[in-house]
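A.B. asks: Can you read through this structure? Questions will come right after.
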Amino acid sequence: MIKDLKSFTKKGERKNIEFKKALKSSYHLNEDRRRQLISQLKYRMERGKGRAIYLLGVEDDGSLTGLPREELQESIHVLNVLSREIGACIEEVNEYPLDNGRVAEVTIGWKNSFKKEHIVIGVAGHVDHGKSTLLGSLTTGILDDGTGKTRIFLDVQKHEIERGLSADLSFAIYGFLDGEPIRLDNPLDKKEKSELMEKCERIISFVDTVGHEPWLRTTIRGIVGQKLDYGLLTVAADQGPTHITREHLGIILAMELPVIVAITKTDLVGEDEIHKVHEKISELLKLVGRIPFKVKNRSDALLVSEKMNQHIVPIIETSSVTGEGLELLDELFLNLKVPENPSEDKKPFMMYIDKVYSVKGVGTVVSGTIRQGRVKKGEKLLLGPFHTGEFKQVKVKSIEMHHYQIGCAEPGHIVGISIAGASPQEIERGMILAHPEYNPKAVREFEAEVAILVHPTTIKAGYESVTHIETIAETTILEPLDQEFMSAGDKGKVRMRFKYRPHHVKEGQKLIFREGRSKGIGSITKIIENP
């Protein structure tokens, strides 16, 4: 309820508050006007972090005119129609009597959806360049003691803790409320994570990849297999860029992600050494057509967050021991733009499976990042393809996001979905969950445009390598189509065939193929239908 209506409206329209004198079905629901009003409503919802407030019976200048009851009810009806069209609903209506009519305060919110600002950032870099320690300090606010104590919040397997090396993907989160960072006292506490998810307006999810060279496949899975919005590359001040740094940067760029560079461990070296590392990073970025931007203060962080794209790369000096640069990362993550692709939201649901679990009392749970569409509790979905190329029907029992139970999830959300109708033993990474309307197909062969990055000899028909597409990591057999042989630096069209089993892939998807180190990148141009 608004205590003083006149004072409230005197301040004018702002953020998520919109004034309307009246809304009429005959005029405001015709096609052109309705489209304008829907755009306006979406804008107010975005500004209000998922909630908009409309004041009916109020002029644009804030003066109170009021409406007769019938006209007020019609105006509320129009708002109800517009809200339903974007998947929202009217949550509350408060009426205020005037001498000449009534004013209504109508609150609109998202219906059965987890509608918060959500950004997913993939973190890469050489082994022992401080990725996990930086994330541990950033998400908890706890400074490191120089031995990597905050890394324990991400390296949760026994051998990872003992060796100080990440061996699998880890996920970390923190958030913002009213512009202030909200951190976790203990990121391993599921209940605390759930509470953070509930109260924050903006959620930052990190996918912490693996820096050790033998586990390059896991790093690629973290960058290619998740629906990332940005890439964060760590470079240690006491070592500078390495061949792994270049490899990881190449993978991030191949996925066409905007990049942020964090120079870590600045407490270990002097200013001259840090300056040299800056120069090496800048040279590396310029070689691949990127513009380095040194972030020195919060104003710089705000400026670059508004202008950041695939070309501008902010570079921030950090130390998990002294806390240097952490507030600059906060400022950057608070203001980074949330990538928008409204068309993905309206398509039938589809998610690539990254992990499979058997949870006591819950059953089979699959996790991954939603590629398109929305999924709701109770829906029937298709799972597959299996080795036969077939898909089977399963049912959604529940959905969790960072241990927070939600009724509906949408593109970009990293979720765990409990399903009935399949056991963990028959599900493999790289399969998909999809709505029947998505009409998924099993694919054995496809054509792609590729570029060969590194290869000591020539590539010819019959060449085998591990190919990564989304969460798929499968041996493929390659055949050049434009020429008989391909070598380092060549580009061209190829045909690729999954060696062991079919998968679901589609035109436009990015791919990376490798033998140990990355050998080539490309994108799928044509699906070959099997007879």
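All residue numbers for the sequence shown refer to UniProt numbering, where the first residue is 1 and numbers rise by one.
Each residue gets a CB set at the ideal place from its N, CA and C atoms; glycine is no exception.
This one's a predicted model, so the numbers in the text were calculated from it and none came from an experiment.
Count the other CB atoms, across all protein chains shown, that sit within 10 Å of the CB of SER25; report buried if there are 16 or more and exposed otherwise.
C.D. replies: Walking along the sequence shown from the start, residue 25 turns up at place 25. Exposed: under 16 other Cβ atoms inside 10 Å.
A.B. asks: For HIS468, which three-state DSSP category applies?
C.D. replies: In the sequence shown, residue 468 corresponds to position 468, counting from 1. HIS468 falls in the strand class under three-state DSSP.
A.B. asks: Tell me whether GLY87 sits in a helix, a strand or coil according to DSSP, three-state version.
C.D. replies: Position 87 of the sequence shown, counted from the first residue, corresponds to residue 87. It is coil, neither helix nor strand.
A.B. asks: As a quick exercise: from LEU268, GLU447, VAL288, HIS278, pick the residue whose alpha carbon is nearest that of LYS247.
C.D. replies: Against the sequence shown, residue 247 aligns to sequence position 247. According to the sequence provided, residue 247 is Glu. The question's Lys does not apply to it. The residue with the shortest Cα to Cα distance from GLU247 is VAL288.
A.B. asks: Would you mind working out which of LYS3, LEU41, GLU31 sits nearest GLY18, comparing C-alpha positions?
C.D. replies: As a first step, residue 18 is located in the sequence shown; it is residue number 18 there, counting from the start. A quick correction: the sequence has Glu, not Gly, at residue 18. Nearest of LYS3, LEU41, GLU31 to GLU18, Cα basis: LEU41.
A.B. asks: Would you report the Cα separation of ALA167 and LEU135, rounded to the nearest angstrom?
C.D. replies: Translated into positions along the sequence shown, residue 167 becomes position 167. Translated into positions along the sequence shown, residue 135 becomes position 135. Residue confidence for ALA167 is low, a pLDDT of 33 falling below 50, so the modelled location carries little weight; the figure read from the coordinates is stated next. For ALA167 and LEU135, the distance between alpha carbons rounds to 16 Å.
A.B. asks: In three-state terms, what does DSSP make of HIS503?
C.D. replies: Within the sequence shown, the letter at position 503 stands for residue 503. Of the three classes helix, strand and coil, the one that applies to HIS503 here is strand, per DSSP.
A.B. asks: CB GLY66 to CB LYS11, shorter than 9 Å?
C.D. replies: Position 66 of the sequence shown, counted from the first residue, corresponds to residue 66. Position 11 of the sequence shown, counted from the first residue, corresponds to residue 11. Going by C-beta atoms, GLY66 is not nearer than 9 Å to LYS11.
A.B. asks: If contact is defined by three or more beta carbon pairs under 8 Å, each pair taking one atom from either stretch, is the stretch 482–490 in contact with the stretch 405–421?
C.D. replies: Taking 8 Å as the limit for Cβ pairs, the verdict is that the stretch 482–490 does not touch the stretch 405–421.
A.B. asks: Going by the CB atoms, is the gap between GLY373 and GLU344 shorter than 9 Å?
C.D. replies: Residue mapping note: residue 344 aligns to position 344 of the sequence shown, counting from 1. Residue mapping note: residue 373 aligns to position 373 of the sequence shown, counting from 1. For GLU344 and GLY373, yes; Cβs fall inside 9 Å.
A.B. asks: Taking the alpha-carbon positions, what's the GLU390 to PRO436 distance?
C.D. replies: Within the sequence shown, numbered from 1, the residue matching residue 390 stands at position 390. Within the sequence shown, numbered from 1, the residue matching residue 436 stands at position 436. Looking at the two C-alpha atoms, the distance is approximately 13 Å.
A.B. asks: Excluding the 5 residues flanking GLU306 on each side, which residues of the same chain have their C-beta closer than 8 Å to its C-beta?
C.D. replies: Along the sequence shown, one-based indexing puts residue 306 at 306. Excluding sequence neighbours, GLU306 sits near ASN335, LYS337.
A.B. asks: If you pair each beta-carbon of the stretch 177–189 with each one of the stretch 86–106, do three or more pairs fall below 8 Å?
C.D. replies: no
A.B. asks: What residues are listed by DSSP as bridge partners for ARG14?
C.D. replies: Along the sequence shown, read from residue 1 onward, the residue named residue 14 stands at position 14. ILE17, per the DSSP bridge assignment.
A.B. asks: What number of angstroms, rounded off, separates the C-alpha of GLU327 from the C-alpha of ILE121?
C.D. replies: The residue you call residue 327 lines up with position 327 of the sequence shown. The residue you call residue 121 lines up with position 121 of the sequence shown. Each residue's alpha carbon lies about 17 Å from the other.
A.B. asks: Are the beta-carbon atoms of ALA124 and ILE204 separated by less than 9 Å?
C.D. replies: As a first step, residue 124 is located in the sequence shown; it is residue number 124 there, counting from the start. As a first step, residue 204 is located in the sequence shown; it is residue number 204 there, counting from the start. Against a cut-off of 9 Å, the Cβ pair of ILE204 and ALA124 comes out as no contact.
A.B. asks: Which residue's Cα is closest to the Cα of LYS441: TYR500, GLY175, ILE527, LYS377?
C.D. replies: To locate residue 441, count along the sequence shown from 1; it is residue 441. Comparing Cα-Cα distances from LYS441 to each of TYR500, GLY175, ILE527, LYS377, the minimum goes to ILE527.
A.B. asks: DSSP state of VAL93, grouped into three classes?
C.D. replies: Position 93 of the sequence shown, counting from 1, holds the residue named residue 93. Here VAL93 sits in strand by DSSP.
A.B. asks: Within 10 angstroms of its Cβ, does residue 532 collect 16 or more other Cβ (buried), or is it exposed?
C.D. replies: Since the first residue of the chain shown is 1 and the last is 531, residue 532 is not available in this structure.
A.B. asks: Grouping DSSP H, G and I as helix and E and B as strand, with all else coil, what is GLN372?
C.D. replies: On the sequence shown, residue 372 is found 372 positions in, with the first residue counted as 1. Looking at GLN372 - three-state DSSP - the assignment turns out to be strand.
A.B. asks: Whose C-alpha, out of ARG298, VAL259, GLY87, SER418, is nearest the C-alpha of PRO314?
C.D. replies: Position 314 of the sequence shown, counting from 1, holds the residue named residue 314. If we check each option's Cα against that of PRO314, VAL259 comes out closest.
A.B. asks: Can you tell me the Cα-Cα spacing of LYS15 and LYS116, whole angstroms?
C.D. replies: As a position in the sequence shown, residue 15 is number 15, starting the count at 1. As a position in the sequence shown, residue 116 is number 116, starting the count at 1. So the alpha carbons of these two residues sit roughly 16 Å apart.
A.B. asks: Less than 9 Å separating the beta-carbons of LYS380 and LYS397?
C.D. replies: Taking the sequence shown and counting its residues from 1, the one referred to as residue 380 is at position 380. Taking the sequence shown and counting its residues from 1, the one referred to as residue 397 is at position 397. No; because the gap between Cβ atoms is not below 9 Å, this pair is not in contact.
A.B. asks: Given 8 Å as the limit, is there contact between the stretch 458–466 and the stretch 497–515, that is, 3 or more CB pairs closer than that?
C.D. replies: yes
A.B. asks: If I'm right that GLY361 touches LEU453 with Cβ under 8 Å, what's the distance once you round it to whole angstroms?
C.D. replies: Residue numbering aside, residue 361 sits at position 361 when the sequence shown is read from its first letter. Residue numbering aside, residue 453 sits at position 453 when the sequence shown is read from its first letter. Not confirmed; about 47 Å, so no contact.
A.B. asks: What first and last residue would you give for the alpha helix (DSSP H) that runs through THR208?
C.D. replies: Sequence index remark: in the sequence shown, residue 208 carries index 208 (1-based). Checking the displayed sequence, the identity of residue 208 turns out to be Asp instead of Thr. Where ASP208 is concerned, there is no enclosing alpha helix (DSSP H), although the beta strand (DSSP E) it sits in stretches over 202–208.
A.B. asks: Would you list, in sequence order, the uninterrupted beta strand (DSSP E) runs of no fewer than 3 residues that lie entirely inside the stretch 48–72?
C.D. replies: Whole beta strand (DSSP E) segments, 3+ residues: 51–56.
A.B. asks: Once the 5 residues before and after LYS158 are set aside, which same chain residues still bring their CB inside 6 Å of it?
C.D. replies: Numbered from 1 along the sequence shown, position 158 holds the residue referred to as residue 158. Bear in mind that a pLDDT of 36 at LYS158, under 50, signals an unreliable position, so the number given afterwards is only what the model happens to contain. Around LYS158: no qualifying Cβ.
A.B. asks: Can you tell me whether LEU228 is buried or exposed? The criterion is at least 16 other CB atoms within 10 Å of its CB, across all chains shown.
C.D. replies: For the purposes of this step, residue 228 is taken as residue 228 along the sequence shown, with counting starting at 1. Counting Cβ neighbours within 10 Å, LEU228 comes out buried, since at least 16 surround it.
A.B. asks: What are the boundary residues of the alpha helix (DSSP H) that includes HIS278?
C.D. replies: For this step, residue 278 is matched to residue 278 along the sequence shown. Counting along the chain, the alpha helix (DSSP H) containing HIS278 begins and ends at 271–287.
A.B. asks: Ordered along the chain, which non-local residues of its own chain (more than five positions away) have a Cβ less than 6 Å from that of ILE291?
C.D. replies: The residue labelled residue 291 in the question sits at position 291 within the sequence shown. These residues qualify, in order along the chain: HIS311, ILE312.
A.B. asks: Let's see if you can read the secondary structure: which residues bound the beta strand (DSSP E) around ALA124?
C.D. replies: Counting from 1 along the sequence shown, the entry for residue 124 is found at position 124. Looking at the DSSP string, the run of the beta strand (DSSP E) that includes ALA124 is 117–125.
A.B. asks: What does the alpha-carbon distance come out to for the pair VAL415 and VAL366?
C.D. replies: To locate residue 415, count along the sequence shown from 1; it is residue 415. To locate residue 366, count along the sequence shown from 1; it is residue 366. Per the coordinates, the alpha-carbon of VAL415 lies some 8 Å from the alpha-carbon of VAL366.
A.B. asks: With distances taken from CA atoms, which of ALA52, ILE432, GLN73, SER282 is nearest GLN393?
C.D. replies: Counting from 1 along the sequence shown, the entry for residue 393 is found at position 393. Checked all of ALA52, ILE432, GLN73, SER282; the closest Cα to GLN393 is ILE432.
A.B. asks: For ARG246, does the three-state DSSP call read helix, strand or coil?
C.D. replies: The sequence position of residue 246 within the sequence shown is 246, counting from 1. ARG246 falls in the helix class under three-state DSSP.
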